[in-house]
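So the sequences go chain by chain: A and B.
As numbered in the numbering used here, residues 65 to 178 make up the first sequence, in order.
As numbered in the numbering used here, residues 2 to 114 make up the second sequence, in order.
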Amino acid sequence: SAVISQKPSRDICQRGTSLTIQCQVDSQVTMMFWYRQQPGQSLTLIATANQGSEATYESGFVIDKFPISRPNLTFSTLTVSNMSPEDSSIYLCSVSTENNEKLFFGSGTQLSVL
Amino acid sequence: EDQVTQSPEALRLQEGESSSLNCSYTVSGLRGLFWYRQDPGKGPEFLFTLYSAGEEKEKERLKATLTKKESFLHITAPKPEDSATYLCAVQPILTGGGNKLTFGTGTQLKVEL
């Protein structure tokens, strides 16, 4: 299994500002994933982050709003830019085993935008 | 488009009262069906992966089963510590790698003394 640390665990932000969420894994992984979990809704994949290449975004998510960095095989960041109250959500980092049999999640970042 | 529907949305059980949670899915070729447990303020915790109809997996008081259209998570003699939200997700067969899971909205389970 993988141990995933996310920071911050929670934050309250003002409209129009940006927040960068960090994700650290205790082992090298090829792919890291960022999910969003809005209140009362299911987890939704934002993007897949591969080391050494641009992140791949899912429909409805764009790089200008959710820029992602993946500088090495154990670390990634997700930035939520120009925030609005609609961005209030839990953001989760996840990694998979090499054969994609298991997907492990970090503890999440609870974001509230005022 | 892949879809996952979980029922019931919420379930309240007495300690020792066995029950089942349902996950109905439609997917363009199933690679795997996942069950997770999520406690408040935490990320989902992996429980099971099922790959083919007829497959069953067990862990303590939990047993997951899979058919071509749905999966069940059976909880036998639950305890208060089993209280959590249980999430189901499907992974489609994709070419070129990737791990896009489609999640349901979960069943919130409360087990009372």
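Built from N, CA and C at the ideal position, the CB exists for glycine as well.
Within 9 Å, strictly: CB atoms of residue i and residue j
i	j	result
residue 131 of chain A	residue 143 of chain A	yes
residue 90 of chain B	residue 34 of chain B	yes
residue 110 of chain B	residue 12 of chain B	yes
residue 54 of chain B	residue 68 of chain B	yes
residue 171 of chain A	residue 138 of chain A	no
residue 39 of chain B	residue 102 of chain B	no
residue 15 of chain B	residue 82 of chain B	no
residue 108 of chain A	residue 104 of chain B	yes
residue 22 of chain B	residue 92 of chain B	no
residue 95 of chain A	residue 160 of chain A	yes
residue 148 of chain A	residue 177 of chain A	yes
Enclosing beta strand (DSSP E) for residue i [first to last residue]
i	result
residue 136 of chain A	132 to 136
residue 59 of chain B	57 to 60
residue 110 of chain B	108 to 113
residue 78 of chain A	Element bounds for residue 78 of chain A: n/a, residue is neither H nor E.
residue 129 of chain A	Unbroken run through residue 129 of chain A: none, as it is neither H nor E.
residue 94 of chain B	Here residue 94 of chain B belongs to no beta strand (DSSP E), and DSSP marks it neither H nor E.
residue 166 of chain A	Note, residue 166 of chain A: premise wrong, no beta strand (DSSP E); not H, not E.
residue 89 of chain A	83 to 89
residue 142 of chain A	139 to 144
residue 173 of chain A	173 to 177
residue 92 of chain A	Here residue 92 of chain A belongs to no beta strand (DSSP E), and DSSP marks it neither H nor E.
residue 69 of chain A	68 to 71
Residue i: contacting residues in chain A (beta-carbon distance under 7 Å)
i	result
residue 50 of chain B	165 and 166
residue 101 of chain B	109
Chain B contact residues for residue i, given Cβ-Cβ distances below 9 Å
i	result
residue 169 of chain A	37, 39, 43, 44, 45, 46 and 47
residue 142 of chain A	Within chain B, no residue comes near residue 142 of chain A; the closest Cβ sits about 14 Å away, beyond 9 Å.
residue 156 of chain A	44 and 45
Beta-carbon neighbours of residue i, restricted to chain A and to distances below 8 Å
i	result
residue 104 of chain B	106, 107 and 108
Partner residues on chain B for residue i, Cβ-Cβ distance less than 8 Å
i	result
residue 172 of chain A	42, 43 and 44
Any 3 or more C-beta pairs closer than 8 Å across the region 91 to 101 of chain A and the region 13 to 27 of chain B: no
Cβ pair count under 8 Å reaching 3, the region 123 to 137 of chain A against the region 3 to 12 of chain B: no
Three-pair Cβ contact test at 8 Å for the region 81 to 90 of chain A versus the region 65 to 73 of chain A: yes
Touching by the beta-carbon criterion (3+ pairs, under 8 Å), the region 61 to 73 of chain B and the region 157 to 171 of chain A: no
Runs of beta strand (DSSP E) lying entirely within the region 8 to 73 of chain B, each at least 3 residues, in chain order: 11 to 15, 20 to 27, 31 to 39, 46 to 51, 57 to 60 and 63 to 67
Contained beta strand (DSSP E) runs [length at least 3] in the region 96 to 125 of chain A, N- to C-terminal order: 107 to 114
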